[in-house]
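Worksheet: the structure to be examined is printed underneath.
Numbering (mature numbering (1 follows the signal peptide of the UniProt record, and there is no 0)), first residue to last: -26 to -1, 1 to 381.
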């Protein structure tokens, strides 16, 4: 799908004042007639638009795919429009309905062109999306429907509030609600959540608050793949203490800073950064992470002004840190030891924290695995985790950790 067509579909959902959301082939593919809903509805999970999409060759086990816009809740709980996509397995749904896997994607950027639902060959998110597609196809093969949010502000109005706990929680949960709204007789009440990197942090937010947020469904467990956000404020502290960043670090900061401003308007990136960083900020408003990484040939001399007060920013970032989240469902963490984007020591410390809080968790290590290996190898670890859950047991390796600490 090209960017123009994707933007047009989003605009139809967002600005149609006639009161009826646009429909598509979904009505002829077992989607219910109740899709003709009022765009003005503020109920989370309300479908605002739906469009049947072609299925890429990555999804060998998908029967149908839909682009959707749906009603969700923003940073402060306000009604917003969010986009995403739904994948259905091949064949008819079982009598009890398909369970849902909610997928939370990794960092793409904060611009609309970075929405995974708008992915196209050789596009700015295509490389990462192809890796994710293979992982998602495993779940389709196991008979799960996929609900994949773009998050707030990606493909829809506004800047994406990157890593904001409330926004990401709502986007994921309300995508599950939207999937049920589209296919009420074909979905099971049971669901799982899995996400990578940024989406790993979103997964932990859902693990902590998702069941309470959506009590009408049964959240069985969560699988966080190389979850970012441990001591999240540390990224800004590091940049302040090390004023000569390499290009990979510098390319990431527009997303962090613009995302923080999207959630808290008192945080103004242009007032925090050095002069050389301002051009990169402007680029971050229009480009995705992969484009920033490829286009940035020389990093600025520093990220922040020398005398800047970072306390408000640090306070905000700390509130989004994953160590503030205690899962209420069984948790699996998959982490590569050679991951240079998410340090395995941080995710392991989080795992230890969860065990100390007497919550069930499993920590799967990939020796010498890089950041995307957590996604590439997720099928193996997910199958192991689900095999225990499906036996009616609670998967956890915390006892082994406790025994090791006792020696």
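The beta carbon of each residue, even a glycine, is placed where N, CA and C say it ideally should be.
Values in this document were obtained by computation on a predicted structure and should not be read as measured data.
{"Item": "Ordered list of alpha helix (DSSP H) runs contained in the region 195 to 281, each at least 4 residues", "Value": "208 to 215, 221 to 237, 249 to 258, 263 to 269"}
{"Item": "Spatially closest choice to residue 382 from 100, 195, 76, 53, by CA coordinates", "Value": "The displayed coordinates of the chain run from -26 to 381. Any statement about residue 382 would go beyond what the structure contains."}
{"Item": "For residue 163, the first and last residue of its enclosing beta strand (DSSP E)", "Value": "161 to 170"}
{"Item": "Neighbourhood of residue 27 by C-beta, 8 Å cutoff - its chain only, sequence neighbours within 5 removed", "Value": "-26, 39, 40, 41, 59"}
{"Item": "Top-ranked residue by Cα proximity to residue 344, from 369, 200, 292", "Value": "200"}
{"Item": "Simplified DSSP assignment, three categories, for residue -26", "Value": "With a pLDDT of 45 at residue -26, under the threshold of 50, the modelled position of this residue cannot be trusted, and the question is left open."}
{"Item": "Where residue 355 sits in the DSSP three-state scheme", "Value": "helix"}
{"Item": "Terminal residues of the beta strand (DSSP E) in which residue 298 lies", "Value": "Here residue 298 belongs to no beta strand (DSSP E), and DSSP marks it neither H nor E."}
{"Item": "Endpoints, beta strand (DSSP E) assigned at residue 151", "Value": "Element bounds for residue 151: not the beta strand (DSSP E) but the alpha helix (DSSP H), 139 to 156."}
{"Item": "Local Cβ density within 10 Å of residue 265, reported as buried at 16 or more and exposed below that", "Value": "buried"}
{"Item": "Residue 55 versus residue 89: straight-line alpha-carbon distance, rounded", "Value": "13 Å"}
{"Item": "Residues bridged to residue 308 (per DSSP)", "Value": "199, 338"}
{"Item": "Continuous beta strand (DSSP E) stretch holding residue 56: start and end", "Value": "53 to 63"}
{"Item": "Cβ contact (3+ pairs, closer than 8 Å) linking the region 311 to 329 and the region 345 to 352", "Value": "yes"}
{"Item": "Among 190, 169, 142, 171, nearest to residue 154 - alpha-carbon criterion", "Value": "190"}
{"Item": "Simplified DSSP assignment, three categories, for residue 360", "Value": "helix"}
{"Item": "One or two residues paired with residue 47 in a DSSP bridge", "Value": "53"}
{"Item": "Expected contact under 8 Å - CB spacing of residue 304 and residue 368 to nearest Å", "Value": "6 Å"}
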